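Colleague:
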Amino acid sequence: MISLYRPGEGLLHRLPAGAKLLGLAAAALVVSLLPLGVIGTAVLLSAVSLLYPLSGLGWRLLGGAWWRLRGLILVLGAALWLFVGPDTAVQNTGRVIALILLAELVTRTTRMGDLLDVLQSVLQPLRLLGVDPATAALAISLTIAMVPVLAGFVQQVRDAQRARGVRMGPRVGLPLLVLTMKHADDVGDALAARGLAR
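So in the working numbering, spot 134 of the sequence shown is number 203, and the numbers just go up one at a time.
1. If the criterion is Cβ atoms closer than 7 Å, does the pair Ala86 and Leu170 meet it?
2. Using the Cα positions of Leu105 and Leu114, report the straight-line distance between them to the nearest angstrom.
3. Looking at Leu188: is its Cβ nearer than 7 Å to the Cβ of Ala203?
4. Where does Ile166 land, buried or exposed, given buried means 16+ other C-beta within 10 angstroms?
5. For Thr212, count the other beta carbons within 10 Å of its own beta carbon; 16 or more makes it buried, fewer makes it exposed. Which is it?
6. Just curious, the alpha helix (DSSP H) that Gly127 is in, first and last residue?
7. Any chance you could list the alpha helix (DSSP H) runs of at least 4 consecutive residues sitting entirely within the region 190-235, in chain order?
8. Which one of Ala208, Pro244, Ala95, Gly109 has the shortest CA to CA distance from Asp186?
9. Starting from Ser124, trace the alpha helix (DSSP H) both ways and give me its first and last residue.
10. Would you kindly report the start and end of the unbroken alpha helix (DSSP H) that includes Gly87?
11. Output the distance between the C-alpha atoms of Ile71 and Val218, rounded to the nearest integer angstrom.
12. Just to confirm my understanding: we take Val107, look at its own chain, exclude 5 residues before and 5 after, and list those with CB closer than 8 Å. What are they?
13. Could you round the C-beta distance between Val223 and Gly140 to whole angstroms and report it? I think they count as a contact, below 8 Å.
14. Taking only the alpha-carbon atoms, compute the straight-line gap between Ser118 and Ala134 and give it to the nearest angstrom.
15. With a threshold of 7 Å on Cβ separation, who are the neighbours of Ala148 within its own chain once the five nearest residues in sequence on each side are excluded?
16. Rank Thr110, Gly125, Val99, Ala111 by C-alpha distance to the C-alpha of Leu84 and give the top, closest one.
17. Work out the CA separation of Gly221 and Met250 for me, nearest whole Å.
18. So, using beta-carbon positions, are Leu93 and Thr178 closer together than 7 Å?
19. Between which two residues does the alpha helix (DSSP H) containing Arg83 stretch?
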């Protein structure tokens with residue numbers, strides 16, 4: 070499935086796709102540049118989490134999003150803790166998690182067609198450079214939609230490893246790669262069937 074859109078009547082569902090994309094880009098810039106500190110990171114993650122119930126997606130979807138990210142939090146947090154120290158680890162892991170949650174929020178509250186229309190109009194100037202705006206828009210929208218999909222794949226691999234009694238570690242890479250490549254093939258087949266890819 071290419072789209073993770075969930076129909077709803079929340080505030081974010083009613084916002085235009087362009088405003089949501091602009092907000093996501095601005096949030097990525099602000100979150101990347103501002104020194105947050107541990108308390109600021111906690112406030113950021115709380116604010117992003119509150120957007121889920123406020124947008125009408127509910128606490129259950131928020132809980133599922135956090136649950137899927139737990140492996141990434143552990144691996145990324147532990148690696149950063151080891152190499153750069155606890156405060157920086159908390160801040161940088163928090164930044165990544167906040168942006169992933171925001172990207173999922175955009176994909177859950179925006180129809181893929183609306184996203185494509187906005188991106189295509191924004192990317193029109195690239196036509197002067199020989200870039201097809203429709204193709205570039207499709208690539209960007211699929212990339213945004215892929216963020217929560219990859220988080221779900223990590224969860225599937227972790228569940229499968231746990232069922233076999235295998236601890237989470239470097240062995241997650243190969244199964245994750247296989248799942249991602251299979252998904253890419255499925256998306257490519259779906260696009261080709263609709264005449265959107267060759």
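Glycine included, every Cβ here is placed at the ideal spot set by N, Cα and C.
Predicted model only: the values in this text are computed from it and were never measured.
Modeller: This is what the structure holds:
1. no
2. 11 Å
3. no
4. buried
5. exposed
6. 127-153
7. 202-232
8. Ala208
9. Per DSSP, Ser124 belongs to no alpha helix (DSSP H) and is neither H nor E.
10. 86-102
11. Caution is warranted here: a pLDDT of 47 is assigned to Ile71, below 50, making its placement in the model unreliable, and no coordinate value can be reported.
12. Asp156, Val159, Gln160
13. 5 Å
14. 10 Å
15. none
16. Gly125
17. 14 Å
18. no
19. 80-83
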